[in-house]
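In terms of this note's numbering, the sequence shown opens at residue 353 and continues consecutively.
The beta-carbon is built from N, C-alpha and C at its ideal position, and this holds for glycine as well.
Just so it is clear, the structure is predicted and the values come from calculations on it, not from any experiment.
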Amino acid sequence: MLVAGLAVQVLIAKILRLCWIVLWRPYAMIKSFEKQGIRGPSYSILHGTLPEMKSLLKAANETVLDTTCNDIAPRVQPHYCRWSAEYGEVFLFWRGVQPAIRIADPKLAKQILSDKSGAYAQPQFDHRLLSFAGNGVGQLNGPDWVRHRSILTPAFTKDKLKLMAKRMAACTMDMADDWKRRARTADHHQCITIEMSEEFKKLTCDIITHTAFGSNHVEGGEVFKAQDELIHHCIATMADLYIPGSRFLPTPSNRQMWKMENKVNSSLRRLIQGRLESAQAKGDSDGCYGDDVLGLLVEASKTTNKSLKLTMGEIIDECKQFFFSGHETTAKLLTWTIFLLSLHQEWQERLREEVLTECGTGTPDADMVPKLKLMNMVILETLRLYCPVLETLKETSKATNLGDFLIPKGVFITIQLVQLHRSREYWGEDANDFNPLRFRNGVSQAAKHPNAFLSFGMGPRTCLGQNFAMLEVKLVLSLLLQRFSFLLSPEYKHAPANYLTMEPQYGVPTAVKLLPSE
């Protein structure tokens, strides 16, 4: 009898908890925000605003833009465009039962990203994202974030980047040589059509495996091939309603995800163990873990300093994150840069001339790329117009004043980069035009507000791999511009899409022609 009574009490408590999550809390949150002038689309029990979001995205994905149109926000984030037009620049929406507000104001963004009190934390993403992106430095908070950041920062020093630059160039040369062989056997025009997004995806994967795993790059490539399969499986389900606890149910989708995730984790574990055994065979001397990213992480697992120590699980998470962040985003940046250079031939010629002037016809290195001022402007303008990361997400860890608003604990704050980077208020009437010269005096003076450009974030959590990514993109572009010219194929359809990162929905088929000098 007593057991039955306790069971009833537990059941009642769980029902009340569920009612609080799906009914009372949303109602109280809506009323609280309405008093502050923040409104938004209607909340649907359990689903929030996901049904409307999915409907708008589906309709947008059926459209094709004019090739010269850079006003892509209505296609990649149609829900934000509709809601901001109806409810204002700051509005409330719902990711299921999770409340979120959207902002696109650089002053508010600066307050959030510059905060050092911990009021704006990294959200605890659902397991689907963590399964392929890893619970690494980009997702951690507090002491764990400090520890991981301290361990990883030395991987991106100037000397380390110089070493990585050689590997980046070697991988790019392999791809360029393949293009040259194909072009020379194609026809008398020595021109071939290449789908850039897939080609750059292969290249950045190759570069990441060489810089992360060095001599173990073949095994690393197999690991990341498995991770790529996991990424596609998870992204396909991420727009669906997530019910807490559903990750433990043996559904067909979950079983497939578990199998893929286990394959990635076990492969990485074998790779790490192999590096440890190799070090032991060499006597465990200084530096014997390797001069690549994996070596740095493995070394951190053996230290006795608890503030700089990593567990096996943490190393696996960092490997996943390094691959996903460095591979996906850099491939998209290269793709959109070639797209814009193919459209704007005058800029393609200016960059080629700059590369030949500063680097000659030899292989560029890490000391040469800082001299490529025009290329830097073009890359920044590409990041402004086609930033691979469409938004930055934070979560309030306590009730917090943001500008004139009081934001309760547990609210997601979405900084919409797509809209911020196109705001006429900050970028002028040509905000949707490709104009690299706006960056001639640097990022802080490119717009009317110094923080209107946030592709790499700002503040204490500025992108750790920023210098790595910029070096990689500049080296790849330099090597390609020395050898080829680029022109969009007539088959190209302009359809930027929101697939976690900004992707060309139908690829970027491009006519690649071997230069006469080659």
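Grab the span of the alpha helix (DSSP H) containing residue i for me, first residue to last.
{"i": "M609", "result": "P604 to A633"}
{"i": "Y379", "result": "R377 to K387"}
{"i": "Q542", "result": "Element bounds for Q542: n/a, residue is neither H nor E."}
{"i": "Q768", "result": "Taken as a continuous stretch (DSSP letters only), Q768 belongs to no alpha helix (DSSP H), being part of the beta strand (DSSP E) at F764 to Q768."}
{"i": "I464", "result": "P458 to L465"}
{"i": "L903", "result": "The structure shown does not extend to residue 903, since the chain is modelled only from 353 through 870, so no value can be given for it."}
{"i": "T709", "result": "Q697 to C711"}
{"i": "W779", "result": "R776 to W779"}
{"i": "V428", "result": "A425 to V428"}
Between which two residues does the beta strand (DSSP E) carrying residue i extend?
{"i": "E855", "result": "T853 to P856"}
{"i": "L417", "result": "Neither: L417 is in no beta strand (DSSP E) and is coded neither H nor E."}
{"i": "I759", "result": "F757 to I759"}
{"i": "E743", "result": "E743 to T748"}
Name the one or two DSSP bridge partners that residue i has.
{"i": "S837", "result": "K865"}
{"i": "P848", "result": "P856"}
{"i": "F445", "result": "A452"}
{"i": "T752", "result": "I759"}
{"i": "S317", "result": "Nothing in the structure corresponds to residue 317, since the chain is present only between 353 and 870."}
{"i": "Y472", "result": "T748"}
I think residue i touches residue j, with their Cβ atoms under 8 Å apart; what is that distance to the nearest whole Å?
{"i": "R627", "j": "L646", "result": "6 Å"}
{"i": "I765", "j": "Y379", "result": "Wrong, their Cβ atoms sit about 21 Å apart, outside the cutoff."}
{"i": "L398", "j": "V416", "result": "Wrong, their Cβ atoms sit about 34 Å apart, outside the cutoff."}
{"i": "N617", "j": "I668", "result": "6 Å"}
{"i": "F820", "j": "M516", "result": "7 Å"}
{"i": "L481", "j": "C586", "result": "7 Å"}
{"i": "P788", "j": "S796", "result": "Actually they do not touch by this definition, with Cβ atoms about 16 Å apart."}
{"i": "R835", "j": "K532", "result": "7 Å"}
{"i": "A437", "j": "Q768", "result": "At roughly 13 Å, the Cβ-Cβ gap does not stay under 8 Å, so A437 and Q768 are not in contact."}
{"i": "L582", "j": "S677", "result": "About 15 Å; that fails the 8 Å criterion."}
{"i": "L726", "j": "R702", "result": "6 Å"}
{"i": "L823", "j": "L513", "result": "6 Å"}
{"i": "V825", "j": "I690", "result": "The pair is not a contact, with the Cβ atoms about 11 Å apart (cut-off 8 Å)."}
Examine the Cβ distances between the stretch 715-728 and the stretch 656-675 and report whether three or more of them are shorter than 8 Å. no
For the stretch 631-685, list the beta strand (DSSP E) runs that are entirely contained and at least 3 residues long, ordered along the chain. none
Is the stretch 540-552 in contact with the stretch 860-869, if contact means three or more CB pairs nearer than 8 Å? yes
Please give the ranges of any beta strand (DSSP E) in the stretch 478-551, keeping only runs that are unbroken, at least 3 residues long and fully inside the region. 543-547
Tell me the start and end of each unbroken alpha helix (DSSP H) in the stretch 797-843 that is at least 4 residues and wholly inside, in chain order. 818-833
Are at least three pairs of beta-carbons, each pair with one atom in the stretch 775-791 and one in the stretch 459-475, less than 8 Å apart? no
Pair every Cβ in the stretch 648-666 with every Cβ in the stretch 517-526, then say whether three or more of these pairs are closer than 8 Å. no
Can you confirm whether the stretch 421-430 touches the stretch 399-412 when touching is taken to mean that 3 or more C-beta pairs between the two stretches lie within less than 8 Å? yes
Contact between the stretch 604-617 and the stretch 508-515 is defined here as three or more beta-carbon pairs at a separation below 8 Å; is this criterion met? no
Closer than 8 Å is the cut-off here; do at least three beta carbon pairs connect the stretch 574-583 with the stretch 446-454? no
Is the stretch 486-499 in contact with the stretch 684-691, if contact means three or more CB pairs nearer than 8 Å? no
For the pair the stretch 803-815 and the stretch 732-751, tell me if three or more CB-CB distances fall below 8 Å. yes
Examine the Cβ distances between the stretch 851-860 and the stretch 747-757 and report whether three or more of them are shorter than 8 Å. no
Flag this pair as touching only if the stretch 722-736 and the stretch 689-697 have three or more C-beta atom pairs under 8 Å; answer yes or no. yes
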